[in-house]
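Reviewing the structure listed below.
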Amino acid sequence: MMQTRRWLTAVATASAAALVLAGCSIQIQSAPDPSIPADTMLVAADNGSPMFERNFNPFLNSKRVATFYMYEPLVILDNVTGDEFPWLATGYEQPDPSTIVYDIRKGVTWQDGEPFTPEDVVFTFEMLKQYPAADAQGIWEYIRSVESDEDTVTVRLQQPDVPAASLIATTLIVPEHIWKDVEDPASFRNPDPVGTGPYMLGNYAPQQYTVDKYQDYWQADKVAAEHLILPAANTQLDVATKGYDWAYSFISDVDNVWVGAGNDNTYWFPPGGTIALFPNLTKAPFNDLNVRKGLSLALDRGAVGDAAAEGYMDEAGQTNILLPYQQDDLDPSIPNSGLIDQDTDAALAAFAEAGYTLQGDRLVNAAGEQLSLTITTANGYTDWLRGVQEVQRQWGAVGIDVGVDTPQPAAYQLALRNGEFDFAMGGTGGTGVLFRDFNALLSSDYLKPVGEEATNNFERYDNPAAQQLLDQYKVALDEGERQQIGYELQQIVYNDLPVISLYYGGSWGLVSNAKFTGWPSAEDPYASPKTYESTPLIVLTNLKAVTHD
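Residue numbers (the working numbering): -1 to 547.
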């Protein structure tokens, strides 16, 4: 769930900051800083608090974002499209559900000139086994053993698990000849990083650092930007006015504030996951499917999404699939791509099946008790709060008493994990791996009693049929079989409403075409526009420098 949490935090905090800019009445203009050369990109990707710590350890959550531009994985997984991009591995095979054979790329060197070899991959994996605190992705929950030969690395799993191949392959690889002397990889700050990636650390200061192109990079001819500048302070006003080339940030009224500022600015906000309401399925009456159906049918999701994301994001279907970019994964038998229209009459009929009827302006049970619930969302997540307030209004219109609780983010996370809520605003999907998206949402392996922290399945959904499908998916080598299982999992989400999908959360890509072109876009959606994790490597190797005659 790490990727999803990080994305959700980015969505919420960015939109909170955007409110300040939205209230400005000044004329926004953007122009490149003339002191920044044409071959250099200004990037809003990293944030100091208020200054940077010199930390480029790939295995620490507190690392600098540009660590992902220096260290590379075997395979890059794009969360928007679900596509896999061979990187330090040219590909992989799975001869059986418990074995993965990665073909290691030849001709790659570390940034100190030493050759990259399969032994570096084995060393990295074994190091994470020896130091579990550094194994942030938990790959040794899956791996039994790892070994290499001249051209390949073979990973044997503890049990059959076909989808584990992509998770394991996204591990950032480090050089054995340097890291073998690191005393504790779980605390080492790695101030002088040496990777295989397209960029090396340049100048460093607590307020700003630069990375410079590695001229002997294995695909150096595809890297157009010679230098990247990453400031510690990236306010919304800075992003809009100081000639940034690339930013991951929500800006209110983006057409006027960002595009209208000039500098050949444009944007693309593809879906990064589904924002949903998580019912607490251990509580009555939310464990009643008819109640959940009534709540779902009472919603105008388009209005909720417009309130939360200012109309930039589409309403989400009840499938846990990101559309349109994962259209190939969608079960074609699900009506209207899983979109559920507001139908007040049908909602009241579903409530009636659960024993609730509308009396005056109150939806009550046979004892005359009004259906009441509280929605929990994090304080400061202003976009979510706007969405929750719209849900509150719509459910109130069918006689439900809806309260809103806004604890601080840490308390919100604890309430979510402990199952101490009625409904909670949250995010689901968006990892790029269908199995992981459904496993995190539906698997009974994550079930915990209320009061104990769950790491996934926060709604505490318990369905043996769903678990059986997930177990079948893990051992299915045939793509067609996996697709069919995916269809059945979507049917469960659509029909059983373990969560109530609302709208897509955005990947807030802001870019300038003044110096570089070839950015991902709705017309060319080859990757997410985000500036963090390994996906930027795909973008940075697709850009072209603008030439002026």
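Glycine included, each C-beta is placed from N, C-alpha and C at the ideal position. Quick caveat: nothing in here was measured; it's all calculated off a predicted structure.
Can you look up residue i in the DSSP assignment and give me helix, strand or coil?
i, result
"S23", "Residue placement at S23 cannot be trusted, given a pLDDT of 29 that sits under 50; the coordinates are not used to answer."
"W244", "strand"
"H546", "coil"
"W216", "coil"
"L72", "coil"
"I398", "coil"
"N454", "coil"
"K211", "strand"
"D403", "strand"
"F421", "strand"
"E330", "Looking at the sequence itself, residue 330 is Pro, so the reference to Glu does not match. Coil, per DSSP."
"M125", "helix"
"F433", "helix"
"I483", "helix"
"G427", "coil"
"A203", "strand"
"G504", "strand"
"Q368", "strand"
"L541", "coil"
Mind checking residue i: buried by the 16 CB within 10 Å criterion, or exposed?
i, result
"D359", "exposed"
"D219", "exposed"
"A306", "buried"
"R142", "exposed"
"L487", "buried"
"M49", "exposed"
"S33", "exposed"
"D133", "buried"
"K178", "exposed"
"S60", "exposed"
"T453", "exposed"
"L412", "exposed"
"Q325", "exposed"
"K291", "buried"
"Q392", "buried"
"K211", "buried"
"Q316", "buried"
"N188", "buried"
Alpha carbon to alpha carbon, what distance is there between residue j and residue i?
i, j, result
"G241", "Q234", "12 angstroms"
"A231", "Q368", "49 angstroms"
"D403", "L383", "10 angstroms"
"E521", "I176", "43 angstroms"
"D190", "L199", "7 angstroms"
"G260", "F433", "42 angstroms"
"D298", "A282", "24 angstroms"
"S579", "E124", "The structure shown does not extend to residue 579, since the chain is modelled only from -1 to 547, so the question has no answer here."
"T539", "F276", "39 angstroms"
"S519", "P527", "8 angstroms"
"S510", "V209", "19 angstroms"
"T355", "G424", "29 angstroms"
"Q157", "E139", "10 angstroms"
"P183", "I398", "53 angstroms"
"A350", "G46", "53 angstroms"
"G385", "Y67", "35 angstroms"
Is residue i near residue j, with beta carbons less than 9 angstroms apart?
i, j, result
"A597", "A525", "The structure shown does not extend to residue 597, since the chain is modelled only from -1 to 547, so the question has no answer here."
"Y265", "G507", "yes"
"Y471", "L439", "no"
"F227", "T65", "The displayed chain sequence assigns Ile, not Phe, to residue 227. Not a contact, by the Cβ cut-off of 9 angstroms."
"A43", "Q92", "no"
"G74", "S532", "First, the amino acid is wrong: residue 74 is Ile here, not Gly. Closer than 9 angstroms, so yes."
"D312", "Y502", "yes"
"W108", "G193", "yes"
"Q481", "D341", "no"
"L552", "T168", "Residue numbering for the chain in the displayed model covers -1 to 547; residue 552 lies beyond these limits and cannot be assessed."
"V172", "T122", "yes"
"V491", "F421", "no"
"V160", "L475", "yes"
"G428", "N77", "yes"
Could you pull the start and end residues of the beta strand (DSSP E) that residue i belongs to?
i, result
"A274", "269 to 277"
"Y90", "87 to 94"
"Y265", "263 to 266"
"D101", "97 to 102"
"F83", "82 to 84"
"V153", "150 to 155"
"V362", "360 to 362"
Any heavy atom of the ligand GTP closer than 8 angstroms to the beta-carbon of residue i?
i, result
"P496", "The ligand GTP is absent from the structure shown, which contains no ligand whatsoever."
So residue i is in the alpha helix (DSSP H); what residue range does that whole segment cover?
i, result
"A300", "A small fix is needed here, since residue 300 is Gly in this sequence, not Ala. Run containing G300: 299 to 307, per the alpha helix (DSSP H) assignment."
"T239", "234 to 239"
"S294", "287 to 295"
"V537", "533 to 538"
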